[in-house]
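Taking it in order: structure first as structure tokens, then the write-up.
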Amino acid sequence: MSGRKTAMFTLGAIIVATGISSNVAQATASAPAKPQARTKIVSATVGQYLQKGYEQMRKGNYEGAIRILAAAVTADPDSVSARRYLAFALLRNGSLQEAMYQLIIIQKMAKATPFDNYTLGEAYSKMGRLNDAEACFREALKSNANYDPARASLIKTLSSVGKYDEAFAECLTGYKAAKTDMLSRYYRILYQNVQEQKLSLRRIQEATSATTAAPGTVTPVQPGTQGQTQSRTVGETR
Numbered sequence: 000m001s002g003r004k005t006a007m008f009t010l011g012a013i014i015v016a017t018g019i020s021s022n023v024a025q026a027t028a029s030a031p032a033k034p035q036a037r038t039k040i041v042s043a044t045v046g047q048y049l050q051k052g053y054e055q056m057r058k059g060n061y062e063g064a065i066r067i068l069a070a071a072v073t074a075d076p077d078s079v080s081a082r083r084y085l086a087f088a089l090l091r092n093g094s095l096q097e098a099m100y101q102l103i104i105i106q107k108m109a110k111a112t113p114f115d116n117y118t119l120g121e122a123y124s125k126m127g128r129l130n131d132a133e134a135c136f137r138e139a140l141k142s143n144a145n146y147d148p149a150r151a152s153l154i155k156t157l158s159s160v161g162k163y164d165e166a167f168a169e170c171l172t173g174y175k176a177a178k179t180d181m182l183s184r185y186y187r188i189l190y191q192n193v194q195e196q197k198l199s200l201r202r203i204q205e206a207t208s209a210t211t212a213a214p215g216t217v218t219p220v221q222p223g224t225q226g227q228t229q230s231r232t233v234g235e236t237r
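Next up, the structure:
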């Protein structure tokens, strides 16, 4: 498996393991204003939807997950977990505006979690708003210093904007705190990717400088040539 494929596979596993699955048990919580009997029915229904949606995301079937999770939101519009799952599935499927819409609603309903900030940062990143993405990833890490999905995305964002030293530092922080071999390997891959990106930029800069200063671009004038030409021209004019 290539380094790029390994990185993508590992990040996907990290996200599923640490970003979403922990929320399944929380799906039974719903709005207190609803009658108790109704609440129990809705909670059970939403919980089933979330479990099915989660399984589809594990398989990489985000379109299927979106359909299931949209049904969960319809069943209980007050379920933050349902909207959180749906936002993530929309993001992974490339539906950025729809994902942002769900995230904005979540922010109005409850205090943002590290996962919410991470998902929002991913949306900003895909939209090219890298400064906003960096701020979201840092906010996620401020709440949970060991939140690996946010740190991994922060590293890639920092590298993309040329903040290589900060990216290296985050790689080392993540590597030292890694609790599994999978995470250790992933941070090594990220470190190597940052190195390659930095070296690639340096080669481009060196090549550009060499082309600008390349010999032969300006024909040198031999000593005396200009004077001789001027004298001959003046003599001919006379």
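Residue 47 in numbering that gives the first Met the number 0 sits at position 48 of the sequence shown, and the numbers go up by one each step. Even for Gly, the Cβ is constructed at its ideal location relative to N, Cα and C. Being a predicted model, the structure only gives us computed values, none of them experimental.
State yes or no: is the C-beta of A132 within less than 7 Å of the C-beta of T112? Cβ atoms of A132 and T112: not closer than 7 Å.
Taking its Cβ as the centre, do 16 or more other Cβ atoms sit within 10 Å of Q96, making it buried, or is it exposed? exposed
Would you kindly report the start and end of the unbroken alpha helix (DSSP H) that includes D131? 129-142
Alpha carbon to alpha carbon, how far is E195 from A209? Give it in angstroms, no decimals. 21 Å
Please classify S199 as buried or exposed, where buried requires at least 16 other C-beta atoms within 10 Å of its C-beta. So S199 counts as exposed.
Once DSSP output is grouped into helix, strand and coil, what is the label at P113? Three-state DSSP puts P113 in a helix.
Cβ-Cβ separation, Q55 to G64 (assumed contact under 8 Å), whole Å: Residue 64 is actually Ala in this sequence, not Gly. Their Cβ separation, rounded to whole angstroms, is 4 Å, which keeps A64 and Q55 in contact under 8 Å.
DSSP state of Y190, grouped into three classes? helix
What number of angstroms, rounded off, separates the C-alpha of A86 from the C-alpha of T118? 8 Å
Who are the near neighbours of M108 in its chain, counting only those whose CB is closer than 7 Å to its CB and skipping five residues on each side? V79
Among T172, G120, S42, the one whose alpha carbon lies nearest that of A70: Closest by C-alpha distance to A70, out of T172, G120, S42, is S42.
Is R150 near E169, with beta carbons less than 7 Å apart? Cβ atoms of R150 and E169: closer than 7 Å.
Should N130 go down as buried or exposed, given a rule of 16 or more other Cβ atoms within 10 Å for buried? exposed
On the DSSP letters alone, give me the boundaries of the alpha helix (DSSP H) that G173 sits inside. 163-176
Roughly how many angstroms separate the alpha carbons of G161 and N145, rounded to a whole number? Roughly 24 Å between the two C-alpha positions.
Under a Cβ-count criterion, where at least 16 other Cβ atoms within 10 Å of its own Cβ denotes burial, should G46 be classed as buried or exposed? buried
In angstroms, rounded to a whole number, what distance separates the CA positions of Y53 and D75? 17 Å
Three-state secondary structure assigned by DSSP to T179: It is coil, neither helix nor strand.
Locate the alpha helix (DSSP H) running through M108, then write down its first and last residues. Start and end: 95-108.
Measure from the alpha carbon of D77 to the alpha carbon of each residue in I67, I105, A177, G59, then state which is nearest. I105
Short of 7 Å in beta carbon distance, which residues of its chain neighbour M99, apart from the five on each side in sequence? Order them along the chain. A122
CA-to-CA distance, A177 to R91, given in whole angstroms: 25 Å
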